[in-house]
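Heads up, the thing below is written out as structure tokens.
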Amino acid sequence: MSSRRPHNESYADVAAKPAPKPAPKGKSDVTPAVPADVIYKLLGFTAAMVAGPIGMYFLTLNTTFSGSSTLAGATAAVTANVVLFAYIYVAWLEDQGDQKASKEDSKKAQ
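Per the UniProt record's numbering: the sequence shown = residues 1 to 110.
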């Protein structure tokens, strides 16, 4: 079946109905669903999540741990967790600011 229809109607009944009217023309909301600063933060933390652990692995492999890939890998894992917790903290601070702003707006409305 390529299309859905109610159980109590035939295909002929559905086809005989007039097409739905288009939405009235006017100004439409063209604002982005996600603000640009949120996208930039996400891209920054994504780059940090990729470059940080890989960079720390190769940086510490021969300089700090003298070729011990286990210790360099552990350092990379710690770096990944630091980036993750930093992202969570920044998102938490942003949410706190949004909550304060919404409380102030609700107080002004009263």
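Every residue gets a Cβ at the ideal spot worked out from N, C-alpha and C, and that includes glycine.
{"Check": "Option nearest A86 by Cα separation, candidates G55, P32, T75 and G44", "Outcome": "G44"}
{"Check": "Unbroken alpha helix (DSSP H) run spanning V38, endpoints", "Outcome": "A36 to N62"}
{"Check": "Assigned exposure category for V83 - 16 Cβ within 10 Å defines buried", "Outcome": "buried"}
{"Check": "Cut-off 6 Å between Cβ atoms - residues of its own chain near T75, not counting five sequence neighbours on either side", "Outcome": "M56 and T60"}
{"Check": "Short Cβ contact (9 Å threshold) for P53 with T79", "Outcome": "yes"}
{"Check": "Candidates D98, A16, K107 and E94, of which the one nearest K41 by Cα", "Outcome": "E94"}
{"Check": "A33, buried or exposed, once every other Cβ within 10 Å from all chains shown has been counted against 16", "Outcome": "exposed"}
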